[in-house]
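Have a look at the structure below, then the notes.
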Amino acid sequence: MKKQNATDAYVAAVAAIAETLEALKAYAVDDHLGVNPEAVNWGNVGTAQHLLSLLNEAAKFAGV
């Protein structure tokens with residue numbers, strides 16, 4: 090088995106971030122977090138706000 094070096098690990102992590110962001114966009118934006126826009130309730134609002142808070146924390150950590 091080949092030993093993984095830092096560059097390989099970094100490239101793999103960045104690729105995984107890109108895949109996760111694409112999946113998140115598909116679910117959160119394109120599919121409205123799986124909620125019918127005509128059936129939104131305050132629980133859905135809380136879920137969306139919590140997700141936004143987590144994303145803002147990740148963006149801040151990344152320096153964005």
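So the sequence shown is numbered by my numbering: it starts at 90 and just counts up by one.
Each residue gets a CB set at the ideal place from its N, CA and C atoms; glycine is no exception.
Bear in mind the structure is a predicted one, so any value in this text is a computation, not a measurement.
If you draw a straight line from the Cα of Ala95 to the Cα of Gly132, it is about 42 Å long.
Counting only residues of its own chain and dropping the five nearest sequence neighbours on each side, Asn125 has no CB closer than 7 Å to any other CB.
Per DSSP, Tyr116 lies in no alpha helix (DSSP H) segment and is marked neither H nor E. A Cβ-Cβ contact shorter than 9 Å links Leu140 with Leu122.
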